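**Q**
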Amino acid sequence: AILTYHFLSIDIEFPGTIFKPSKQVIREGNPVINYHYMKSNVDALQIIQLGLSLSDAQGNLPDFDFPFSYIWEFNLRDFDINRDHYASDSIELFKRQGIDFEKNKEKEIDSKDFAKKFWDYGLVFNSYGLKSITGITFHGTYDFGFMLNIRTQNPLPFHLHSFVHINWLIYLAATFSTSNIPYSSSWGC
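Residue numbers (our numbering): 11 to 199.
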C-alpha cells in the first residue's frame, strides 16, 4: 500500500499530560520550552493506543481490492494503570470509551514489536524509492515523540533541534500537524 498511498496519518493516545506549563508559558509560545514539556510527558508516560491511516493525494484510503477501505487502530499493552503515571480525567475518558486496561495489558501489542514492524514495512526512511512519505498528525510533536520513544526505547533527545533532526532522518521529511495550520506546516511545538 505504501507504494500507492504516500500520506501517513498517525494518532497516538496516551494517558494525558502530567507536566503542564503555566498559562503565561503557553502565551509566550516558546518552542524550546514547549518541547521540554512534551519531552517530560513522553519520557514519563506509556502509549495506550495508536491509529494509522494511509491515503493518496486525493484522500483515498487503501481497499486492497475489497469493497472496504482500511485504517488501523492498535491497542498497546505498555500502559499499566496500577504502575504508570496518568492524568485521571484522561483515564476516565478512555474507560467511558470502552478501553479495558487489564485486557490490553494481557492481550494487546507490545510497542517495541509495533515499532519494529513499522520500520520493517517501510513506513520510515525512503524505503521504497518514494520521493517522500508525508506525515499528517494533530499535535504532531507528541505523536512523533512517542514514535521515537518506542522505536529507540530511550528518553527523547534533550534539545529540540536534535529531536527535529532525528525525526526528519528516521521518519518523515515532510510533516504537517493540523493543529498548527495555517501558521506552521512542520514540527509545530
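Beta carbons: idealized from backbone N, C-alpha and C, even for Gly.
None of these values were measured; they are calculated from a predicted model.
Is it a yes or a no for the segment 116-131 touching the segment 91-101, going by three-plus beta-carbon pairs under 8 Å?
**A** no
**Q** Is the segment 13-31 close to the segment 154-167, with three or more CB pairs under 8 Å?
**A** yes
**Q** Taking LEU86 and GLU118 to be in contact with their CB atoms under 8 Å, please state how far apart those CB atoms are, rounded to whole angstroms.
**A** Here residue 86 refers to the residue found at position 76 when the sequence shown is read from its first residue. Here residue 118 refers to the residue found at position 108 when the sequence shown is read from its first residue. At roughly 6 Å, the Cβ-Cβ gap stays under 8 Å, so LEU86 and GLU118 are in contact.
**Q** Could you give the distance in angstroms between the alpha-carbon of GLY108 and the alpha-carbon of VAL35?
**A** One-based indexing of the sequence shown puts residue 108 at position 98. One-based indexing of the sequence shown puts residue 35 at position 25. Approximately 35 Å, taken between the alpha carbons.
**Q** When the Cβ atoms of the segment 66-81 are set against those of the segment 96-108, are three or more pairs found closer than 8 Å?
**A** no
**Q** When you compare only the Cα positions, how much space is there between ILE28 and ASP53?
**A** As a position in the sequence shown, residue 28 is number 18, starting the count at 1. As a position in the sequence shown, residue 53 is number 43, starting the count at 1. Roughly 11 Å between the two C-alpha positions.
**Q** In three-state DSSP terms, what is ASN159?
**A** Position 149 of the sequence shown, counted from the start, is the residue given in the question as residue 159. Note: ASN159 maps to helix in three-state DSSP.
**Q** Which word fits LYS105, buried or exposed, when buried means at least 16 other C-beta atoms lie within 10 angstroms of its C-beta?
**A** The residue given as residue 105 occupies position 95 in the sequence shown. With fewer than 16 Cβ atoms within 10 Å of its Cβ, LYS105 is classed as exposed.
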